[in-house]
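Chemist: Chains A and B, in that order, are what the protein sequence lines are.
Just so we're aligned, residue 1 is where the first sequence starts under my numbering, counting upward by one.
Just so we're aligned, residue 1 is where the second sequence starts under my numbering, counting upward by one.
2 protein chains.
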Amino acid sequence: MSTPCYCIELRAAARKTSAIYDEALAPFGITIAQYSLLRKIDRAKRISLTELASISDLDRSTIGRNAKVLERMGLVQSVSGKDQREALLELSTMGQKVLAESIPAHAAAQAKIEDHLGGPDGAKDLLSRLHSL
Amino acid sequence: MSTPCYCIELRAAARKTSAIYDEALAPFGITIAQYSLLRKIDRAKRISLTELASISDLDRSTIGRNAKVLERMGLVQSVSGKDQREALLELSTMGQKVLAESIPAHAAAQAKIEDHLGGPDGAKDLLSRLHSL
DNA sequence: GCCATATGCGGGTATATACCCGCTCCTATG
DNA sequence: CATAGGAGCGGGTATATACCCGCATATGGC
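(1) Report yes or no: do the region 13 to 28 of chain A and the region 99 to 116 of chain A share at least 3 C-beta pairs separated by less than 8 angstroms?
(2) Just the chain A side, please: which residues come within less than 8 angstroms of B/P4 by C-beta, in chain order?
(3) Looking only at C-alpha atoms, which of B/S132, B/D125, B/E101 and B/I103 sits nearest to A/S132?
(4) How big is the Cα-Cα spacing for A/L75 and A/I103?
(5) Is A/S92 helix, strand or coil when you go by DSSP?
(6) Starting from A/Q77, trace the alpha helix (DSSP H) both ways and give me its first and last residue.
(7) Give me whichever residues DSSP pairs with A/S48 in a beta bridge.
(8) Report the residue from B/I32, B/E71, B/R11 and B/G81 whose alpha carbon sits nearest the alpha carbon of B/G95.
(9) Specify whether the region 30 to 38 of chain B and the region 29 to 49 of chain A touch according to this definition: at least 3 beta carbon pairs, one from each stretch, less than 8 angstroms apart.
(10) Check distances from the C-beta atoms of the region 26 to 42 of chain A to those of chain B and list, in chain order, the residues that come in under 9 angstroms.
(11) Let me see if you follow: with CB-CB separation under 8 angstroms, is A/K16 close to chain B or not?
(12) At the level of alpha carbons, what is the spacing between A/L91 and A/S78?
(13) Quick one: which residues of the region 48 to 68 of chain A get their C-beta closer than 7 angstroms to a C-beta of chain B? List them in chain order.
Set out below in structure tokens:
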């Protein structure tokens, strides 16, 4: 057997864990990707698409489309800042509520994954390897 | 700082490595996901969508759509087996050629990733952690 | 103050991915 | 041998993601 493809293995792992988190978050009607965005917007209070894309390490147009979904869901609203080009995102009241409610579910998923990895040390090790990529 | 989300980190790592492999494979007009499918079809000689989905750990409908792209590209052809429901995939002559040509590029990407991970040991370690997920 | 350039976004297009529904075809049970 | 249940697929719909192009706005050099 030759060495497996690191990329394919990573993609599979990402899909698998995403399914676990998505299932945990399903009762709140959001996915792990959406949860992550809500969290980042919440932390920033107000953030532009470009900035959010930057801290998320995602393409700006991707963020734009994902944000549009959150807006349609009523979890996020877009306000304009001084720079008329900018669309600043912030959580709606419902967005704050949904985020707060889903945090425990996310924590449970985190614990589950950590458990699979043999505890905090194994998890830390995985993260460190991922970061060296 | 609280613990980062394992899922988000995995997704980011998968995106990042995918970009590296995609770039390496771009001269041959295929993505890493397509390369992986071509490789699996090649190994099996002939394989059904359901079976391919099974070994790929992907949804059958996903495989069906991805295979359709490969067919449109002329890299794969679908033949029907004894069971009339089955659509057996096999590489076309061009598919074999493209796969053969892109193998070195893929190997180069593998080496690059392995390098990031501090050599074969680090890479093996990452794979082992991913597999325990 | 004006224009060249840079910045911020939206939209088009394409792949990757999943879930669900419905159709077709196969197979085992009575 | 007929039919019920199961297996294999396609297609609808939706999110996630990236790249490129074009439009609007800001800004800096003159």
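Virtual Cβ for every residue (Gly too), placed ideally from N, Cα, C.
These numbers come from a predicted model, not from an experiment.
Modeler: Taking the definition as stated:
(1) yes
(2) L127
(3) B/D125
(4) 15 angstroms
(5) If DSSP states are grouped into helix, strand and coil, A/S92 belongs with coil.
(6) Where A/Q77 is concerned, there is no enclosing alpha helix (DSSP H), although the beta strand (DSSP E) it sits in stretches over V76 to S80.
(7) A/L88
(8) B/E71
(9) no
(10) I32, A33, Y35, S36 and R39
(11) yes
(12) 9 angstroms
(13) Here the close residues are D57.
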